[in-house]
Amino acid sequence: MKIGYCGVPGKIALTPVCGMFFLISNEATARKVLDATEGYGHPLLIFWLNDDVWTVLTARFLLGKIDGVFASVELDDLGEVSTANDGNLCPQELKKQAEYIEVGLGKTRFWTDPGINHFSLRNILGMFPIRMP
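Convert by adding 12 to the 1-based position in the sequence shown; the result is the number in our numbering.
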């Protein structure tokens with residue numbers, strides 16, 4: 013993968029996939045995403061808070077870092093997917109404030125920004141496993 017300019021002022025493209033470009037306005041962040049996903053496939057969704065808290069979805073893996081600790085799970089091995097509710101929030105507040113998705117028996121955590129983006133990723137993850145026996 014190469015970082016290149018895609019004709020949108022102030023934006024750089026991570027890589028074209030099916031005619032679409034991934035846009036990140038910060039070249040240093042784009043390089044970190046590319047480094048983190050090397051060997052895991054092209055990034056499809058990127059949730060980036062800072063260098064120590066982020067989540068990337070590729071076509072085969074969910075990758076992330078929380079407090080500097082890296083985790084990866086193959087999508088066909090996700091198991092149960094749930095929203096963490098550490099603050100014992102009511103369902104309406106949880107929809108607005110949820111930031112962590114837990115997957116698998118070990119409840120591996122992945123961060124997202126709260127609200128609709130969180131539940132969009134949850135819905136995507138709920139479609140797995142796709143692998144047929």
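For every residue, glycine included, the Cβ atom is placed at its ideal position computed from N, Cα and C.
Small disclaimer: the values here were computed from a predicted structure and weren't measured.
To the nearest angstrom, how far is it from the Cα of residue i to the Cα of residue j?
i, j, result
"H130", "A40", "24 Å"
"L101", "P126", "13 Å"
"L133", "Y112", "11 Å"
"G51", "V85", "13 Å"
"D47", "H54", "11 Å"
"P141", "D89", "7 Å"
"Q104", "K119", "23 Å"
"V93", "G76", "15 Å"
"L106", "A42", "30 Å"
"T49", "F122", "15 Å"
"G138", "T95", "12 Å"
"D79", "I136", "24 Å"
"N97", "W66", "19 Å"
For the candidate residues the options, whose alpha-carbon lies nearest to that of residue i?
i, options, result
"Q109", "G99, H54, T120", "G99"
"F3", "L74, D88, D89", "Nothing can be reported for residue 3: it is not among the residues displayed for the chain, which extend from 13 to 145."
"D230", "L56, K44, P55", "A question about residue 230 goes unanswered here, because the residues of the chain that appear run from 13 up to 145."
Measure the CB-CB distance between residue i and residue j and report whether it falls below 7 Å.
i, j, result
"G91", "L117", "yes"
"L87", "R72", "yes"
- Would you list, in sequence order, the uninterrupted alpha helix (DSSP H) runs of no fewer than 4 residues that lie entirely inside the stretch 45-126? Correct list: 103-109.
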